[in-house]
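**Student:**
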Ligand SMILES: Cc1cc2nc3c(=O)[nH]c(=O)nc-3n(C[C@H](O)[C@H](O)[C@H](O)COP(=O)(O)OP(=O)(O)OC[C@H]3O[C@@H](n4cnc5c(N)ncnc54)[C@H](O)[C@@H]3O)c2cc1C
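In this note's numbering, the protein residues as written are -13 to 337.
#1: Can you tell me whether residue 286 is buried or exposed, with buried defined as 16 or more other CB within 10 angstroms of its CB?
#2: Can you tell which of 70, 248, 64, 246 has the C-alpha that lies nearest to the C-alpha of residue 33?
#3: Mind reading off the beta-carbon distance from residue 231 to residue 256? Whole number of angstroms is fine, and I expect it under 8 Å.
#4: Can you tell me which of 108, 122, 218 puts its alpha carbon nearest to the alpha carbon of residue 89?
#5: Look up residue -11 in the DSSP assignment and say whether it is helix, strand or coil.
#6: Mind reading off the beta-carbon distance from residue 221 to residue 260? Whole number of angstroms is fine, and I expect it under 8 Å.
#7: When the Cα atoms are used, what is the spatial distance from residue 103 to residue 77?
#8: Could you say which of 225, 73, 111, 2 lies nearest to residue 136 if we only look at CA atoms?
#9: Mind checking which residues open and close the beta strand (DSSP E) that includes residue 128?
#10: For ligand 1, is there a heavy atom less than 7 Å away from the beta-carbon of residue 110?
#11: Helix or strand or just coil, what does DSSP make of residue 203?
#12: Run through the region 235 to 283 for me and flag every whole alpha helix (DSSP H) of 4 or more residues, listed as ranges in chain order.
#13: Taking buried to mean at least 16 other C-beta atoms within 10 Å of its own C-beta, is residue 334 buried or exposed?
#14: Can you grab the Cα-Cα spacing for the pair residue 100 / residue 40, in whole Å?
#15: To the nearest angstrom, how far is the alpha carbon of residue 301 from that of residue 177?
#16: Restricting to runs no shorter than 4 residues, where is the alpha helix (DSSP H) found entirely within the region 98 to 151?
#17: For ligand 1, any of its heavy atoms closer than 7 Å to the Cβ of residue 157?
#18: Excluding the five sequence neighbours on either side, which residues of its own chain have a C-beta within less than 7 Å of the C-beta of residue 337, listed in chain order?
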């Protein structure tokens, strides 16, 4: 006798959790399968930010994604009686007068005016050196991703909807209108495997790229921050006297270890503006699943239509995944076409 569910999800990172909740909140049943590997979600700071603070531009579909985010996480919080969404403004530390001029000009643009302060703002904090002041970004914040993912797994486990195991492709079979995995039948299965997707026999040819990121958790007993500070690196208040500092971006070195080079980068950039002594409590790293066009990989396999992929969240999973999960859900149940920019069909067309 087989168990029936509405969807099987492989992966319990930010992407897999977004899918699970999208289905659960619509009254569908889920089976999540995930191994014990720590994906990149385990090291993410969880910051969401509708702007790109290097170039002062907006994120693709920022308004739509933010609208979904601000509905999605609070609904889960209330269902679980938990708190993991933490709205907090970001202060972009200016490096010179030229940046201030560019900021003021850009902040008047239609897609940015709701997020960027129209002028430079001052923030009196003796611990932070900022001779050129800041630009303030609103609509931003962070999600306690570790808490969110753990509570999601616990919730699924309590409903017997979670299995910790390495997915065994030999146990998977495709049928016209369903799939079978071991003792479970479902109309479809979605792979949300992060960078491990490159070992998936059905999706390994998608051009997913790895980008290694390294971060610190630091302890600064006398630092009080009312904002996330963004300079060459982010400094984000976490809990008590712990702060998050990151991140690095490296396409070339995907080695499975923290590096001295990243340590040197993070400390040197941090010390350009943090005037207090600090202790590095943790030095973590992960591989971001990125795509060349910075759009996620969503959609069905060309031949095996009931096998789907949900990946390529890059450095913006917290903001992107709830919106993209909704897109995928609507394409399956409401027959709405996927946004062509996220549909993996675009990769088939290229080849
Ligand atoms: C240093 C760093 C900082 C970051 N900061 C942020 C940030 O502040 N905000 C933000 O939005 N994003 C951030 N990111 C990006 C974010 O972490 C990624 O976009 C996100 O983690 C991708 O999530 P995912 O669920 O696709 O993959 P992963 O987190 O890698 O999860 C993949 C899951 O699949 C499972 N899995 C894979 N293959 C199998 C298999 N065969 N069988 C069973 N299970 C399997 C793994 O166990 C894991 O649960 C950061 C990334 C890094 C590296």
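In this text, a Cβ means the ideal position worked out from N, Cα and C, and glycines have one as well.
**Tutor:** The short version:
#1: buried
#2: 70
#3: 5 Å
#4: 122
#5: strand
#6: 7 Å
#7: 10 Å
#8: 2
#9: 127 to 129
#10: no
#11: strand
#12: 246 to 257
#13: exposed
#14: 18 Å
#15: 19 Å
#16: 131 to 144
#17: no
#18: Its pLDDT being 44, under 50, residue 337 is placed unreliably in this model, and the value from its coordinates should be taken loosely. Here the set comprises nothing.
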